[in-house]
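Engineer:
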Ligand code: GDP
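In UniProt numbering, the protein residues as written are 20 to 213.
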């Protein structure tokens, strides 16, 4: 159970401020609108933990939260927002890559995908980057309540095939129904306590 959450602060640029690395870290990644804030809030059972990362001007920062003084939850900026220009869309990479490569206490990344969408080029770049760094990656599909059980299972099959994963490794999640919440919490806990 989560007893204590502290907002530790933002990292605004690669090589910029970040909290001390004495505690294990787990990071959450995905394109904007994938449902990352909703998922983080459901996971920690707080209504608006991820609100700070949604405030204007702060959406392109990395936000750090201390959980139970035991590990650090890292909210990476959502990438690939469709309404901004291609050049600005590519801006996510230096900050995220800089953080990921310079985080000795990072135990793994929860990579989110919308169950209704094919992975974008940015998603595939993220998977390549995570594989290149050799970071353990949990794949979690979001918003599964938007499809029937059968259709969601089919989508998970095809996403897994596309990414070279076993479908059983993919966590199906819904912030609306609560599906997958406990499974994800357990998987995150085993990453940070391993
Ligand atoms: P973020 O930009 O990745 O942080 O995404 P948000 O958590 O803000 O969610 C983006 C939109 O998707 C919002 O309108 C949410 O209400 C909606 N959403 C997020 N998670 C779910 C979910 O599990 N089910 C449904 N039906 N909608 C969701």
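Where is the CB? At the ideal position from N, CA and C, for every residue including glycine.
In terms of residue numbering, what span does the beta strand (DSSP E) encompassing residue 81 cover?
Structural biologist: 81-86 is the extent of the beta strand (DSSP E) around residue 81.
Engineer: Which full runs of the beta strand (DSSP E) of 3+ residues lie inside the segment 111-170, going along the chain?
Structural biologist: 125-133 and 156-161
Engineer: Leaving aside the five residues before and after residue 64 along the sequence, list all residues of the same chain whose C-beta is less than 7 Å from its C-beta, in chain order.
Structural biologist: By the criterion of a C-beta distance shorter than 7 Å, residue 64 is surrounded in its chain by 21, once the five residues flanking it on both sides are discounted.
Engineer: Do the segment 70-83 and the segment 136-152 meet, that is, are 3 or more Cβ pairs less than 8 Å apart?
Structural biologist: no
Engineer: Answer with buried or exposed for residue 51, where buried requires no fewer than 16 other C-beta atoms within 10 angstroms of its C-beta.
Structural biologist: buried
Engineer: Assuming the contact rule is C-beta atoms closer than 8 Å, residue 152 and residue 85 should be a hit. Round their C-beta distance to whole Å, please.
Structural biologist: Contact flag wrong, Cβ pair sits at about 23 Å.
Engineer: With DSSP collapsed to three states, give me the class of residue 46.
Structural biologist: strand
Engineer: Just reading off the beta strand (DSSP E) that residue 91 is part of, what are its end residues?
Structural biologist: 90-94
Engineer: Return yes when the C-beta of residue 128 is under 6 Å from any heavy atom of the ligand GDP, and no when it is not.
Structural biologist: no
Engineer: Whole angstroms is fine: what's the gap from residue 32's alpha carbon to residue 83's?
Structural biologist: 14 Å
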